[in-house]
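To convert a position in the sequence shown, counted from 1, into the working numbering, add 346. All C-beta atoms, glycine included, are put in the ideal place defined by N, C-alpha and C. Here is the structure we will look at, set down as structure tokens.
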Amino acid sequence: MDKTKKFLKKIGIDEVSNEYVSSKRFGDGGQFRFEVPGIQSPKTMKALLDEALKSNIFIHRVTQTKGIMMLADEEIEEMVSLAKDYGCELFLSVGPRATYDTSATVHTKEGSRIGYRLRGYDNLVYAIEDVKRACRLGVRGILLYDEGLLWVLNQMRRDGEIPESVHFKLSAHAGHSNAASAKLLEENGLNSLNPVRDLQIPMIASIRNATDMALDLHTENPKSTGGFIRHYEVPNFIKVASPVYLKTGGSVAANHNWDTTEKEAIARIKQVRLVKRMIDEYCPDAVASPDKSADLAVPE
């Protein structure tokens with residue numbers, strides 16, 4: 347094992363101690379940001395941001411999970427406008443994926459391992475068209491589920507086919523859970539990784555130690571992904587995973603693609619407030635990214 351560990355260290359994957367503390371930060375100096383996922387429409391996004399303003403809490407990122415193709419142009423434009431006015435990131439997810447096409451396998455117990463990845467050439471083309479459409483309408487954050495699509499989009503970003511300012515994040519549904527996978531994704535242009543939801547603190551620390559990109563960690567989860575809540579672990583998330591997005595509000599939903607209502611959007615802000623209380627009480631010196639930071643991938 348010592349020889350293996352020595353080689354891993356040589357390629358940037360080192361063992362971390364229980365005392366590990368991340369010294370890495372966002373470009374604006376922040377250690378953490380708040381993200382609220384599962385906001386599928388303009389009306390729920392407006393309700394969410396209005397409640398955030400009332401609660402004096404800044405939401406750095408809003409994420410839609412159903413897919414770009416499920417939104418009309420005017421809905422995307424309205425969400426872009428809301429994000430620009432508020433000053434937050436807006437991430438829209440790629441539409442065509444295994445659960446949306448003709449795959450029967452993906453709906454079986456064994457086939458579920460396919461996740462939301464893309465099947466075949468045509469679906470790859472459709473997914474790229476989905477992303478290009480969102481970019482044309484001003485979106486600068488794309489949620490991905492397929493590593494191959496990331497590779498293609500990174501090439502397109504380098505070649506000027508899509509804006510250089512577009513940020514890519516990979517979903518927990520892609521199933522990545524170790525430092526080697528994280529390094530591979532980062533080397534292929536990933537800006538933000540959501541590892542699987544149930545990693546223990548030392549596992550998260552090993553990923554952070556090996557990479558510089560932001561990590562997105564679920565502080566709570568819908569029933570469909572276990573329903574577990576990790577609020578008391580948030581101080582440790584910040585300690586070992588900085589720079590980190592704290593994904594909060596998921597327990598309000600039944601599943602990943604849940605159509606959040608306006609009432610539920612307000613309930614998600616309550617969950618953010620509960621997480622903020624944990625930070626204020628147990629790690630009050632933790633540094634949040636500033637409101638409306640120039641370091642955010644705000645729509646253009």
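Open item on the list: For the region 601-608 against the region 349-357, do three or more pairs of beta-carbon atoms, one drawn from each stretch, fall closer than 8 Å, so that the two count as touching?
Closed with: With fewer than three CB-CB distances shorter than 8 Å, the region 601-608 does not count as touching the region 349-357.
Open item on the list: The alpha helix (DSSP H) that contains Thr454, what's its start and end?
Closed with: Here the question's residue 454 lines up with position 108 in the sequence shown. Segment: none, Thr454 is in no alpha helix (DSSP H) and carries neither H nor E.
Task: Val382 - partner residues in DSSP beta bridges - done: Locating residue 382 in the sequence shown gives position 36, counting from the first residue. Beta-bridge analysis with DSSP links Val382 to Val408.
Open item on the list: Classify Gly535: buried if its beta carbon has 16 or more other beta carbons within 10 angstroms, exposed otherwise.
Closed with: Here residue 535 is taken as the residue at index 189 of the sequence shown, counted from 1. It is buried - the Cβ of Gly535 has at least 16 other Cβ atoms within 10 Å.
Open item on the list: Could you give the first and the last residue of the continuous alpha helix (DSSP H) run that contains Asp419?
Closed with: Stepping through the sequence shown from its first residue, residue 419 is reached at position 73. Asp419 to Tyr432 is the span of the alpha helix (DSSP H), which, as asked, contains Asp419.
Open item on the list: So for Asp562, helix, strand or coil by DSSP?
Closed with: Residue numbering aside, residue 562 sits at position 216 when the sequence shown is read from its first letter. Residue state, collapsed to three classes: strand.
Task: Alpha carbon of Ala556 to alpha carbon of Ala480, nearest angstrom - done: To locate residue 556, count along the sequence shown from 1; it is residue 210. To locate residue 480, count along the sequence shown from 1; it is residue 134. When only Cα atoms are considered, Ala556 and Ala480 end up about 31 Å apart.
- [ ] Have a look at Ala525, Gln617, His602 and Val598 and flag the residue whose alpha-carbon is nearest the alpha-carbon of Ala587.
- [x] Taking the first residue of the sequence shown as position 1, residue 587 is located at position 241. Relative to Ala587, the option among Ala525, Gln617, His602 and Val598 whose CA is nearest is Ala525.
Task: Cβ pair Val512, Ile474 closer than 8 Å - done: Along the sequence shown, one-based indexing puts residue 512 at 166. Along the sequence shown, one-based indexing puts residue 474 at 128. Going by C-beta atoms, Val512 is not nearer than 8 Å to Ile474.
Open item on the list: Could you compute how far the alpha carbon of Ile553 sits from the alpha carbon of Asp374?
Closed with: Position 207 of the sequence shown, counted from the first residue, corresponds to residue 553. Position 28 of the sequence shown, counted from the first residue, corresponds to residue 374. Approximately 21 Å between the Cα atoms of the pair.
TODO: Would you please state the rounded distance, in angstroms, between the beta carbons of Leu464 and Arg443? I believe it to be under 8 Å.
DONE: In the sequence shown, residue 464 corresponds to position 118, counting from 1. In the sequence shown, residue 443 corresponds to position 97, counting from 1. Confirmed, Cβ separation roughly 6 Å.
- [ ] Starting from Ala634, follow its DSSP beta bridges and name the residues at the other end.
- [x] Mapped onto the sequence shown, residue 634 falls at position 288. Partner residues in the beta bridge of Ala634, as assigned by DSSP, are Phe378.
TODO: Give the secondary structure of Gly494 by DSSP, where H, G and I count as helix, E and B as strand, and everything else as coil.
DONE: The residue labelled residue 494 in the question sits at position 148 within the sequence shown. Correct three-state label for Gly494: helix.
- [ ] Kindly indicate which three-state DSSP category Lys370 falls into: helix, strand or coil?
- [x] By one-based count along the sequence shown, residue 370 stands at place 24. Looking at Lys370 - three-state DSSP - the assignment turns out to be coil, as it is neither helix nor strand.
Open item on the list: Under 8 Å: do the region 384-399 and the region 569-582 share three or more Cβ pairs, one atom per stretch?
Closed with: Verdict: no, contact absent.
TODO: Note down, in chain order, each residue of its chain lying with its Cβ closer than 8 Å to the Cβ of Met502, except the 5 sequence neighbours on either side.
DONE: For the purposes of this step, residue 502 is identified with residue 156 of the sequence shown, where counting begins at 1. So the list reads Ile474 and Ile508, once near-sequence residues are dropped.
TODO: Assign Gly506 to buried or exposed, taking buried as 16 or more other Cβ atoms, counted over all protein chains shown, within 10 Å of its Cβ.
DONE: Position 160 of the sequence shown holds residue 506. Gly506 should be labelled exposed.
Open item on the list: Measuring straight from C-alpha to C-alpha, what distance separates Ala560 and Asn500?
Closed with: To locate residue 560, count along the sequence shown from 1; it is residue 214. To locate residue 500, count along the sequence shown from 1; it is residue 154. Cα to Cα, Ala560 sits roughly 17 Å from Asn500.
Task: Inter-stretch contact (C-beta, 8 Å, three-pair minimum) for the region 426-438 and the region 452-472 - done: Counting Cβ pairs under 8 Å, fewer than three are found: no touch.
TODO: Round the Cβ separation of Leu438 and Ile414 to the nearest angstrom and send it over; I've been treating them as touching at under 8 Å.
DONE: As a working note, residue 438 is residue 92 in the sequence shown. As a working note, residue 414 is residue 68 in the sequence shown. The C-beta distance from Leu438 to Ile414 rounds to 5 Å, short enough to meet the 8 Å contact threshold.
- [ ] Taking only heavy atoms of the ligand HEM into account, decide whether any of them is closer than 7 Å to the Cβ of Val644.
- [x] Of ligands this structure carries none, so the ligand HEM is not represented either.
- [ ] Please look up how many angstroms separate the CB atoms of Asp637 and Phe404, rounded, as I've assumed it's under 8 Å.
- [x] Within the sequence shown, numbered from 1, the residue matching residue 637 stands at position 291. Within the sequence shown, numbered from 1, the residue matching residue 404 stands at position 58. Contact flag correct, Cβ pair sits at about 4 Å.
Task: Of the listed residues Ala599, Asn601, Tyr591 and Glu579, nearest to Ala634 (C-alpha basis) - done: Counting from 1 along the sequence shown, the entry for residue 634 is found at position 288. Residue Tyr591 is the option with its Cα nearest to Ala634.
Open item on the list: Which residue marks the beginning of the beta strand (DSSP E) containing Val590, and which one marks its end?
Closed with: Looking up residue 590 in the sequence shown gives position 244. Secondary structure note for Val590: its beta strand (DSSP E) is the uninterrupted segment Val590 to Lys593.
Task: Cα-Cα separation between Ala600 and Ala551, rounded to whole angstroms - done: One-based indexing of the sequence shown puts residue 600 at position 254. One-based indexing of the sequence shown puts residue 551 at position 205. The straight-line gap from Cα to Cα measures roughly 29 Å.
Task: DSSP-derived helix/strand/coil call for Ser439 - done: Locating residue 439 in the sequence shown gives position 93, counting from the first residue. Ser439: strand per DSSP, three-state reduction.
Open item on the list: I'd like the list of long-range same chain contacts for Gly441, defined as Cβ closer than 6 Å, with 5 residues on each side in sequence excluded.
Closed with: The residue you call residue 441 lines up with position 95 of the sequence shown. For Gly441, where only same-chain residues beyond five positions count, the Cβ hits under 6 Å are Gly413, Ile414, Met415 and Asp476.
- [ ] Please work out which residues of its chain come closer than 7 Å, Cβ to Cβ, to Thr451, disregarding the five sequence neighbours upstream and downstream, and give them in chain order.
- [x] In the sequence shown, the residue the question calls residue 451 occupies position 105. Hits under 7 Å: Gly457 and Ile460.
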